[in-house]
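Student: Chains as they are written, first to last, in the working numbering: chain W, 16 to 485; chain U, 111 to 422. Ideal Cβ positions, reconstructed from N, Cα and C, are used throughout, including at glycine. Please read all numbers here as calculations on a predicted model, not as lab measurements. Dumping the structure here so I can ask a few things about it.
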């Protein structure tokens, strides 16, 4: 036995159906809006695709079961995979680091121009050889002039290489000084976004596009310097460099560039410190790290050039002092000994004024060439008490720089490939696919059309009820 | 896998960049001819190339040194050959007059000849190359033999050798740590000053000339007779020096040949260190060009493909 419900049912009425059709139209319009937003941002950097999430309204219980209440918009969701973004940031830091180091070290290597024809190596070879040309013509003034010319050329190569590297180091320091400003700007903008996002979240809204903007800033910042991000339930992203916080909710801390020495850039120039407590910022990746690595590498190269120049100066002078010049004088230095370093490997003034002071022998003012031979053989000497010669130490330095550049090159390529993969993964989850949007659009369009048909039908039915029943 | 528009474009750009980098590298190897243009292209080969360049530069210097040494030795050799000829001639004249020395006019003619020979000998002792006196030891700027002339006749009365620095040894650097003497010391060839068994060759000729000009005394005839032996002794010295020069010249020559051989080997090694297999690079270049063109063709196709083209 069953009973037939003859009473009117609550919820099952025309105006409810009209409301359902209206909600359907509005919901699908909302979907279409999101689709348009996606399509419009198909090329926008850092855009995460969004989706209007529709849900069936909870039904109303009636005599014959539960009556559907139509559709409602549950929200607009933004596709996001936190671990991919995290990976993207750390990949960006690596790419930044190796880009910086590779590009700057390449410039350093080009400055040396070894394996070309005009490097320090060639100048050294020519200088040693010039003593043999003097040995072959020990009483000749023009052979002496040739020795001086070769020495000047060596000094010039050393000095120009040194100052060109030194200015590269200064350029890096100057650039770093301005990078402190851009990091601070990033921090300020992220803190500002944190504030806006937290406000919206607090008022129950979903700040999808602000999240995109913040994500993009975080990625850009991470290509400059290694950062670590922690998200709060309030929507804020707290950013750390090393263990110190740079952005906390809506506030941020500033970095400053602290030069070493008063005004001068000191040995390697300076470092990043926290403005408030003066602690050194622990930078371990990113473009800035790469540039600082190069800068310190240049510092080592400059010290090495100084060592080499001083070895040339002291070994040549020690021998030359024992010699007798063509003018019969003795005890003369060849290179100026009142200065040191690669920037001032200069032939002594007195020798420049009188080339006859160049000594070729310890025994006689003319003809004998024993000292010239000894000068030539200084290139085989080991001034540092190990098996290194001046030439071999220089060659090692050049090939060490080559190794650094080659390594940076390889690391750049692998990190770039890794970032590319992560970005693809990010795109796979969060990017906009136009075909997908088009098919969603067609679906939405049909759903909208159908809803409007329902609207029409209900309207006709109401017309019948209101006007047709007489 | 979801593929998005940005992914397609980024992948295409990334691949094009990579292919273009490879192509650029192949292009630069092919146009420069060297695979290792900077140390970073291959640090191991780069260092090898640096050391080889340095070694080749030294080797060129050794070759130049040896050229110089051989030129000095040749000069000394030429000069000693003249000395030998001059002394032979002097000896022949002395023998001639000793065997048949009656006519005073004849003796005077020989005396004139001997005097010329003496002048010539002094000139040889003061031989120069490139303004350097080659028999003077270290003293390359002053003539090693000084003459004292008779104020009336202008004839040479005495020849004084500078003793100072005369025995200095001038060497060339023939190879790393290998110095070879390239001068002949006048004191080993022309005996002057200090009396030796064979005496002073200049003085022998002065005495011979003067004896010819004096009367035909027994004493003078003895001087003439003895001068023959003394000239023989002097010629022995010259020949010894010539043998020494020949030996040293050959040594320099063979060292130089060895340098040339090593130079060829080192140049080959430098090619190995710096240059790549051009055929291989050409093939690589071709393949990379094709790959790049294909990537471009495929890329533009893929970027154009969209459902938007098909819905009205």
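What does the alpha-carbon distance come out to for the pair residue 483 of chain W and residue 54 of chain W?
Tutor: By one-based count along the first chain, residue 483 of chain W stands at place 468. By one-based count along the first chain, residue 54 of chain W stands at place 39. The straight-line gap from Cα to Cα measures roughly 47 Å.
Student: Going by C-alpha distance, which of U:113, U:151, U:246 is nearest residue 417 of chain W?
Tutor: Walking along the first chain from the start, residue 417 of chain W turns up at place 402. Of U:113, U:151, U:246, the residue nearest in Cα terms is U:151.
Student: Give the single residue among U:391, U:266, U:334, U:197 whose Cα lies nearest to the Cα of residue 347 of chain U.
Tutor: In the second chain, the residue the question calls residue 347 of chain U occupies position 237. Among U:391, U:266, U:334, U:197, the Cα nearest to that of residue 347 of chain U belongs to U:197.
Student: Please work out which residues of its chain come closer than 7 Å, Cβ to Cβ, to residue 199 of chain U, disregarding the five sequence neighbours upstream and downstream, and give them in chain order.
Tutor: The residue you call residue 199 of chain U lines up with position 89 of the second chain. Within the same chain, residue 199 of chain U has close Cβ partners 227.
Student: Quick one: which chain W residues come within Cβ less than 9 Å of residue 281 of chain U?
Tutor: To locate residue 281 of chain U, count along the second chain from 1; it is residue 171. Those are 150, 384, 385, 388, listed as they occur along chain W.
Student: Quick one: list the residues of chain U neighbouring residue 404 of chain W, beta-carbon separation under 7 Å, in chain order.
Tutor: On the first chain, position 389 is the one that residue 404 of chain W refers to. Going along chain U, no residue has its Cβ under 7 Å from residue 404 of chain W, so there is no contact; the nearest lies around 10 Å.
Student: Sort out for me which residues DSSP pairs residue 285 of chain U with in a bridge.
Tutor: On the second chain, position 175 is the one that residue 285 of chain U refers to. Answer is U:288, bridged to residue 285 of chain U.
Student: Does the beta-carbon of residue 436 of chain W have 16 or more other beta-carbons within 10 angstroms, so that it is buried, or is it exposed?
Tutor: Numbered from its first residue, the first chain carries residue 436 of chain W at position 421. Answer is exposed; the Cβ neighbour count stays below 16.
Student: Quick one: grab the DSSP three-state call for residue 133 of chain W.
Tutor: Here residue 133 of chain W refers to the residue found at position 118 of the first chain. Three-state result, residue 133 of chain W: coil.
Student: CB residue 286 of chain W to CB residue 273 of chain W, shorter than 7 Å?
Tutor: For the purposes of this step, residue 286 of chain W is taken as the residue at position 271 of the first chain. For the purposes of this step, residue 273 of chain W is taken as the residue at position 258 of the first chain. Going by C-beta atoms, residue 286 of chain W is nearer than 7 Å to residue 273 of chain W.
Student: Taking a cut of 9 Å between CB atoms, which residues from the stretch 244-263 of chain U lie near chain W?
Tutor: The residues in question are 246, 247, 248, 249, 250, 251, 252.
Student: Using Cβ-Cβ distances below 9 Å, what residues of the stretch 394-419 of chain W are close to chain U?
Tutor: Under the 9 Å Cβ criterion, the stretch 394-419 of chain W contributes 394, 395, 406, 407, 409, 410, 411, 413, 414, 415, 416, 417, 418, 419.
Student: When the Cα of residue 265 of chain U is compared with those of U:203, U:178, U:317, U:293, which residue comes out closest?
Tutor: Taking the first residue of the second chain as position 1, residue 265 of chain U is located at position 155. Measuring from the Cα of residue 265 of chain U, the nearest candidate turns out to be U:317.
Student: Taking the continuous beta strand (DSSP E) assigned at residue 271 of chain W, which residues delimit it?
Tutor: Within the first chain, the letter at position 256 stands for residue 271 of chain W. Here the beta strand (DSSP E) through residue 271 of chain W covers 270-274.
Student: Residue 310 of chain W to residue 289 of chain W, Cα distance in whole Å?
Tutor: In the first chain, counting from the first residue as 1, residue 310 of chain W sits at position 295. In the first chain, counting from the first residue as 1, residue 289 of chain W sits at position 274. So the alpha carbons of these two residues sit roughly 21 Å apart.
Student: Flag this pair as yes or no: are the beta carbons of residue 203 of chain U and residue 223 of chain U separated by less than 7 Å?
Tutor: Start at 1 with the first residue of the second chain, and residue 203 of chain U comes out as number 93. Start at 1 with the first residue of the second chain, and residue 223 of chain U comes out as number 113. Taking 7 Å as the Cβ cut-off, residue 203 of chain U and residue 223 of chain U qualify as a contacting pair.
Student: May I have the straight-line CA-CA distance separating residue 117 of chain U from residue 58 of chain W, to the nearest angstrom?
Tutor: The sequence position of residue 117 of chain U within the second chain is 7, counting from 1. The sequence position of residue 58 of chain W within the first chain is 43, counting from 1. Roughly 10 Å between the two C-alpha positions.
Student: Residue 446 of chain W: buried (16+ other C-beta within 10 angstroms of its C-beta) or exposed?
Tutor: Within the first chain, the letter at position 431 stands for residue 446 of chain W. The residue is buried, with at least 16 neighbouring Cβ atoms inside 10 Å.
Student: Between which two residues does the beta strand (DSSP E) carrying residue 337 of chain W extend?
Tutor: Within the first chain, numbered from 1, the residue matching residue 337 of chain W stands at position 322. Segment: none, residue 337 of chain W is in no beta strand (DSSP E) and carries neither H nor E.
Student: Cβ of residue 446 of chain W less than 7 Å from any chain U Cβ?
Tutor: Taking the first chain and counting its residues from 1, one reaches residue 446 of chain W at position 431. For residue 446 of chain W, the answer is yes, since a Cβ of chain U falls inside 7 Å of its Cβ.
Student: Would the beta-carbon of residue 75 of chain W fall within 7 Å of that of residue 42 of chain W?
Tutor: Taking the first chain and counting its residues from 1, one reaches residue 75 of chain W at position 60. Taking the first chain and counting its residues from 1, one reaches residue 42 of chain W at position 27. Going by C-beta atoms, residue 75 of chain W is not nearer than 7 Å to residue 42 of chain W.
Student: Pick from W:456, W:96, W:33: whose alpha carbon is nearest that of residue 227 of chain W?
Tutor: Along the first chain, one-based indexing puts residue 227 of chain W at 212. Among W:456, W:96, W:33, the Cα nearest to that of residue 227 of chain W is on W:96.
Student: Assuming residue 148 of chain U and residue 124 of chain W form a contact by the criterion Cβ under 8 Å, report the distance between their Cβ atoms to the nearest whole angstrom.
Tutor: Within the second chain, the letter at position 38 stands for residue 148 of chain U. Within the first chain, the letter at position 109 stands for residue 124 of chain W. Sure, about 6 Å apart at Cβ, within 8 Å.
Student: Using 8 Å as the Cβ pair cut-off and three pairs as the minimum, do the stretch 370-389 of chain W and the stretch 327-342 of chain W touch?
Tutor: Flag = yes, the stretch 370-389 of chain W and the stretch 327-342 of chain W touch.
Student: Quick check: is the beta carbon of residue 435 of chain W nearer than 7 Å to any beta carbon in chain U?
Tutor: Counting from one through the first chain, the residue named residue 435 of chain W turns up at place 420. It does; some Cβ of chain U falls within 7 Å.
Student: Ignoring anything shorter than 3 residues or poking outside the stretch 197-251 of chain W, list the beta strand (DSSP E) runs there in chain order.
Tutor: Qualifying beta strand (DSSP E) stretches, in chain order: 243-246.
Student: Alpha carbon to alpha carbon, how far is residue 479 of chain W from residue 34 of chain W?
Tutor: Mapped onto the first chain, residue 479 of chain W falls at position 464. Mapped onto the first chain, residue 34 of chain W falls at position 19. Whole-angstrom Cα-Cα distance: 18 Å.
Student: Which residues in chain W sit within 8 Å of residue 380 of chain U, going by Cβ to Cβ distance?
Tutor: Taking the second chain and counting its residues from 1, one reaches residue 380 of chain U at position 270. Near residue 380 of chain U there are no residues of chain W at all, since even the closest Cβ is about 10 Å away, more than 8 Å.
Student: Whose C-alpha, out of U:215, U:146, U:111, is nearest the C-alpha of residue 385 of chain U?
Tutor: Counted from its first residue, the second chain places residue 385 of chain U at position 275. Closest by alpha carbon: U:146.
Student: Are the Cβ atoms of residue 473 of chain W and residue 32 of chain W separated by less than 7 Å?
Tutor: Sequence index remark: in the first chain, residue 473 of chain W carries index 458 (1-based). Sequence index remark: in the first chain, residue 32 of chain W carries index 17 (1-based). Result yes, Cβ atoms of residue 473 of chain W and residue 32 of chain W sit closer than 7 Å.
Student: Residue 379 of chain W by DSSP, collapsed to three states: which one?
Tutor: In the first chain, the residue the question calls residue 379 of chain W occupies position 364. Note: residue 379 of chain W maps to coil in three-state DSSP.
Student: Using a Cβ-Cβ distance cut-off of 7 Å, determine whether residue 393 of chain U contacts chain W.
Tutor: What you label residue 393 of chain U is simply residue 283 of the second chain in a count that begins at 1. By this cut-off, residue 393 of chain U is not an interface position.
Student: Mind checking which residues open and close the alpha helix (DSSP H) that includes residue 357 of chain W?
Tutor: Position 342 of the first chain, counted from the start, is the residue given in the question as residue 357 of chain W. Residue 357 of chain W -> no alpha helix (DSSP H), and no H or E assigned at all.
Student: By Cβ distance, which residues of its chain are closer than 7 Å to residue 73 of chain W, with the 5 residues on each side in sequence left out?
Tutor: For the purposes of this step, residue 73 of chain W is identified with residue 58 of the first chain, where counting begins at 1. Same-chain partners within the cutoff: 84.
Student: Could you check what DSSP says for residue 177 of chain W in three-state terms: helix, strand or coil?
Tutor: Translated into the one-based positions of the first chain, residue 177 of chain W becomes position 162. Helix at residue 177 of chain W.
Student: Please list, in chain order, the residues of the stretch 128-139 of chain W that have any C-beta partner in chain U closer than 7 Å.
Tutor: Against chain U - using a Cβ distance shorter than 7 Å - the residues of the stretch 128-139 of chain W are 129, 130, 136.
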